[in-house]
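Notes for the one structure printed next.
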Amino acid sequence: MALLVLTQCTSAPDRSADKPAKTVDVADQELSLKEEKSARDWLQEAAAAKNEVEQHSALIRAANAFQSEQQWQQAAAILSQLSAQKITRHSQKYYRLAKARWAAEQQIWSKVIEELEDVATQFNQREFRALSLQLLSQAAYQQHDYWQSLVWQVDAQRFAEQPNTDTVWSIARRIKREELPQQRPNDLALAGWWRLVDYHHQAMTSPDSLESYLNQWQQSFPDHDAAALVDIWLEPSLKPSEDAPETGQASPEPTLAVLLPLSGRYKQQGQAVRDGVIARTGEIKNLRVVFIDSETGDIESQQKQIQELSPVGIIGPLLKDKVAAWAEQPLAGIPQVYLNQIDDEKLAQNSLTNVFFALSPDSEAHQAAQQINTQFPESKSALIITADGSSGRRMVDAFKSSWNNNEAGEPRVSYFSEREDMKATVERSLGLTDSQQRIRAVKIAAGKIIVDEQERSRRDISAIYLPGNLQQTRLLKPFIDVSVSPFAEPIQVYASSATHELRNRLGDSDLNGIVFSDIPWLIENSGKNILLSQWLELRNGWGLSLARLTAMGYDSVSLIQRLQMMNRMPGLVWSGLSGELHIDNSVVQRKLIWATFSKGEITLAKEADNAGSRYR
Numbered sequence: 011m012a013l014l015v016l017t018q019c020t021s022a023p024d025r026s027a028d029k030p031a032k033t034v035d036v037a038d039q040e041l042s043l044k045e046e047k048s049a050r051d052w053l054q055e056a057a058a059a060k061n062e063v064e065q066h067s068a069l070i071r072a073a074n075a076f077q078s079e080q081q082w083q084q085a086a087a088i089l090s091q092l093s094a095q096k097i098t099r100h101s102q103k104y105y106r107l108a109k110a111r112w113a114a115e116q117q118i119w120s121k122v123i124e125e126l127e128d129v130a131t132q133f134n135q136r137e138f139r140a141l142s143l144q145l146l147s148q149a150a151y152q153q154h155d156y157w158q159s160l161v162w163q164v165d166a167q168r169f170a171e172q173p174n175t176d177t178v179w180s181i182a183r184r185i186k187r188e189e190l191p192q193q194r195p196n197d198l199a200l201a202g203w204w205r206l207v208d209y210h211h212q213a214m215t216s217p218d219s220l221e222s223y224l225n226q227w228q229q230s231f232p233d234h235d236a237a238a239l240v241d242i243w244l245e246p247s248l249k250p251s252e253d254a255p256e257t258g259q260a261s262p263e264p265t266l267a268v269l270l271p272l273s274g275r276y277k278q279q280g281q282a283v284r285d286g287v288i289a290r291t292g293e294i295k296n297l298r299v300v301f302i303d304s305e306t307g308d309i310e311s312q313q314k315q316i317q318e319l320s321p322v323g324i325i326g327p328l329l330k331d332k333v334a335a336w337a338e339q340p341l342a343g344i345p346q347v348y349l350n351q352i353d354d355e356k357l358a359q360n361s362l363t364n365v366f367f368a369l370s371p372d373s374e375a376h377q378a379a380q381q382i383n384t385q386f387p388e389s390k391s392a393l394i395i396t397a398d399g400s401s402g403r404r405m406v407d408a409f410k411s412s413w414n415n416n417e418a419g420e421p422r423v424s425y426f427s428e429r430e431d432m433k434a435t436v437e438r439s440l441g442l443t444d445s446q447q448r449i450r451a452v453k454i455a456a457g458k459i460i461v462d463e464q465e466r467s468r469r470d471i472s473a474i475y476l477p478g479n480l481q482q483t484r485l486l487k488p489f490i491d492v493s494v495s496p497f498a499e500p501i502q503v504y505a506s507s508a509t510h511e512l513r514n515r516l517g518d519s520d521l522n523g524i525v526f527s528d529i530p531w532l533i534e535n536s537g538k539n540i541l542l543s544q545w546l547e548l549r550n551g552w553g554l555s556l557a558r559l560t561a562m563g564y565d566s567v568s569l570i571q572r573l574q575m576m577n578r579m580p581g582l583v584w585s586g587l588s589g590e591l592h593i594d595n596s597v598v599q600r601k602l603i604w605a606t607f608s609k610g611e612i613t614l615a616k617e618a619d620n621a622g623s624r625y626r
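If you count the sequence shown from 1, position 219 lands on 229 in the working numbering, and the numbers rise without skipping.
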């Protein structure tokens with residue numbers, strides 16, 4: 011059996027890891043209110059009121075009750091009829107709460123803060139105070155002000171009927187280190203979360219210190235609401251697994267086993283991953299790395315060899331069929347990062363020590379849908395243009411599954427079969443074919459009357475997604491540019507990482523204005539990235555698809571180091587070369603970054619830059 015051994019110098023990662031718990035996101039929490047009376051009861055009280063002032067007070071409570079009953083239009087109708095002059099000082103806070111709830115329903119988050127920031131603390135009723143603070147927290151969260159969101163959410167938990175530490179942590183874990191106040195807050199509850207976030211960031215650079223950090227936190231905040239959460243993160247104790255194999259003698263230094271295709275059809279892909287593993291382990295001390303060829307021998311012989319090594323972790327295999335075989339019979343007690351995903355959900359979930367890490371195109375389509383939803387919240391749909399094949403249809407399915415625009419309906423989809431079909435597909439998709447037919451009909455009907463013959467494209471599309479390869483995108487983009495009517499709003503074009511390849515940059519002028527997703531390693535400071543420059547020089551002629559595998563290999567080592575910590579602290583994010591990584595149900599999720607082609611150059615895309623490509 012082929013094998014390659016490298017010896018470096020670090021402390022080994024721990025062996026054991028817990029099953030991650032599912033974290034509730036604050037954006038998903040149900041913000042309801044248990045009114046003492048129903049909306050109908052309040053309406054009856056309004057009808058029986060002695061004067062308009064009393065009537066307004068009852069109507070305001072009716073509006074809040076309607077909102078709690080999810081009858082938003084009825085609530086809005088009541089609010090629109092109220093007169094500010096007839097609202098008492100006492101009722102003013104209920105009125106502003108109702109307006110804030112309506113603003114939240116419309117996702118106008120700045121309005122929520124405007125209405126509630128100075129009245130939330132005026133409520134004496136526990137439920138009204140909690141709801142107001144939760145709304146403020148959610149609004150700050152949606153505006154990416156996570157520290158302020160945490161402040162309001164911690165305050166809200168004091169008045170909540172059932173405090174939820176998972177919800178608080180879903181906010182706290184998003185606070186970047188530079189956004190964390192330097193001074194400890196005076197409020198003890200807030201100080202506990204502040205310190206936990208601080209230790210969270212420290213543990214990312216020093217994974218072996220996790221237990222120490224958490225123990226320090228417990229000593230400082232023994233009665234904190236998050237104490238039970240920290241207890242879960244600390245169980246079981248950070249020790250080698252009792253199920254780990256006995257070898258008789260300890261290895262002179264920690265060993266990492268890496269299982270890759272180092273021969274055969276996928277040798278190049280295996281080499282690319284190996285490059286990344288070597289690059290990362292070269293930064294580590296006291297670590298022995300053993301590479302094993304997954305294409306020689308059967309799984310039993312490979313597992314026997316690995317058991318003899320008594321490794322602290324396993325990386326690989328890479329190929330899907332071999333990942334499936336290993337997932338069916340993993341080595342007990344040894345953490346493993348599989349470099350692919352499998353379709354069997356039973357095997358792919360609920361693993362205690364193993365995670366699945368893949369550069370899945372599906373995840374790009376998911377993120378593209380989410381990005382377009384965020385950038386274009388108005389009621390317009392998206393258009394997907396792709397080749398008619400299994401890959402294209404899979405990307406379409408993935409995009410649709412993450413689409414969240416009920417008012418616009420499902421995204422439109424257009425498939426092309428051949429290169430020659432592209433122009434006609436684009437014209438048909440953007441409504442030019444129908445426009446041309448209308449023009450001809452009008453000309454016939456008008457006789458000698460002069461008619462505006464300008465073709466007009468459809469206006470119900472906010473963005474176009476092209477999940478195909480570089481060649482397809484380069485051919486489609488000019489057709490899109492000339493097919494968008496000058497009378498219509500420009501349409502932003504999005505693409506996948508397949509559009510980003512090492513080619514003659516002069517040819518990328520055809521791609522100007524396209525926004526695409528890719529891994530940070532190939533976008534952020536790529537011109538100054540020494541590791542990337544060295545790799546490109548070493549692997550002259552290799553494409554960026556292989557470079558992405560190298561980034562994956564690099565990150566897989568870091569994941570092995572942090573696996574225990576990331577499994578134990580749900581939602582914990584680590585910024586790797588291949589994206590922002592976190593673990594969800596034993597699957598490593600990647601958040602990519604967005605870049606744009608501009609005059610043959612690639613730059614980071616700005617979140618607020620939604621201008622269409624025609625004007626770039």
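We put the beta carbon where it would ideally sit given N, CA and C, even for glycine.
Residue i, DSSP secondary structure in three states
{"i": "Ser588", "result": "coil"}
{"i": "Gln339", "result": "coil"}
{"i": "Asp303", "result": "strand"}
{"i": "Val129", "result": "coil"}
{"i": "Ala31", "result": "For Ala31, the predicted structure reports a pLDDT of 37, less than 50, and the residue's modelled location is therefore unreliable. A value from the coordinates is still provided. Ala31 falls in the coil class under three-state DSSP."}
{"i": "Glu310", "result": "helix"}
{"i": "Lys295", "result": "strand"}
{"i": "Gly323", "result": "strand"}
{"i": "Tyr276", "result": "coil"}
{"i": "Ser596", "result": "coil"}
{"i": "Thr215", "result": "helix"}
{"i": "Gly610", "result": "coil"}
{"i": "Trp604", "result": "strand"}
{"i": "Gln583", "result": "The question names Gln, but residue 583 in the sequence shown is Val. Looking at Val583 - three-state DSSP - the assignment turns out to be coil, as it is neither helix nor strand."}
{"i": "Gln346", "result": "strand"}
Per-residue burial, residue i [other beta carbons within 10 Å of its own, 16 or more giving buried]
{"i": "Val492", "result": "exposed"}
{"i": "Ala110", "result": "buried"}
{"i": "Ile242", "result": "exposed"}
{"i": "Arg106", "result": "buried"}
{"i": "Arg578", "result": "buried"}
{"i": "Ile394", "result": "buried"}
{"i": "Gln135", "result": "exposed"}
{"i": "Lys609", "result": "exposed"}
{"i": "Pro23", "result": "Below a pLDDT of 50, predicted positions are generally treated as unreliable, and Pro23, at 35, falls in that range; the measurement from the model is reported next regardless. Classification of Pro23: buried, given that the 10 Å Cβ count is 16 or more."}
{"i": "Pro387", "result": "exposed"}
{"i": "Pro191", "result": "exposed"}
{"i": "Ile540", "result": "exposed"}
{"i": "His8", "result": "One cannot answer for residue 8 here, as it falls past the ends of the chain, which runs 11 to 626."}
{"i": "Asn74", "result": "buried"}
Nearest-angstrom Cα separation, counted from residue j out to residue i
{"i": "Glu137", "j": "Asn414", "result": "30 angstroms"}
{"i": "Phe367", "j": "Leu349", "result": "5 angstroms"}
{"i": "Gln148", "j": "Asp155", "result": "10 angstroms"}
{"i": "Ala375", "j": "Ile529", "result": "14 angstroms"}
{"i": "Gly563", "j": "Ile501", "result": "37 angstroms"}
{"i": "Lys332", "j": "Ile352", "result": "10 angstroms"}
{"i": "Ala166", "j": "Leu200", "result": "11 angstroms"}
{"i": "Leu532", "j": "Leu542", "result": "8 angstroms"}
{"i": "Gln380", "j": "Phe409", "result": "9 angstroms"}
{"i": "Trp162", "j": "Ala72", "result": "26 angstroms"}
{"i": "Ala57", "j": "Gln153", "result": "40 angstroms"}
{"i": "Leu486", "j": "Asn595", "result": "38 angstroms"}
{"i": "Ser93", "j": "Ser101", "result": "12 angstroms"}
{"i": "Glu511", "j": "Leu480", "result": "7 angstroms"}
{"i": "Thr606", "j": "Asp308", "result": "45 angstroms"}
{"i": "Gln83", "j": "Ala114", "result": "14 angstroms"}
{"i": "Lys433", "j": "Val494", "result": "13 angstroms"}
{"i": "Asp208", "j": "Arg187", "result": "7 angstroms"}
Inter-residue CB distance, residue i and residue j (contact presumed, cutoff 8 angstroms)
{"i": "Thr560", "j": "Asp303", "result": "The Cβ separation is near 18 angstroms, so there is no contact."}
{"i": "Val287", "j": "Val598", "result": "Contact doesn't hold; Cβ gap of about 16 angstroms is too wide."}
{"i": "Ala392", "j": "Tyr475", "result": "6 angstroms"}
{"i": "Gly589", "j": "Ser568", "result": "About 12 angstroms; that fails the 8 angstroms criterion."}
{"i": "Thr396", "j": "Pro477", "result": "5 angstroms"}
Cutoff 8 angstroms: residue i Cβ touching any chain B Cβ
{"i": "Leu160", "result": "Absent from the structure is chain B; it holds one protein chain and no more."}
**Message:** Counting beta carbon pairs with one atom in the region 315-331 and one in the region 265-281, are three or more of them shorter than 8 angstroms?
**Reply:** By the Cβ test, the region 265-281 is in contact with the region 315-331, since at least three Cβ pairs between them sit closer than 8 angstroms.
**Asked** At a cut of 8 angstroms, does the region 181-189 reach the region 203-215 through at least three beta carbon pairs?
**Response** yes
**Message:** Check whether the region 300-315 and the region 543-557 touch, using three or more Cβ-Cβ pairs below 8 angstroms as the test.
**Reply:** no
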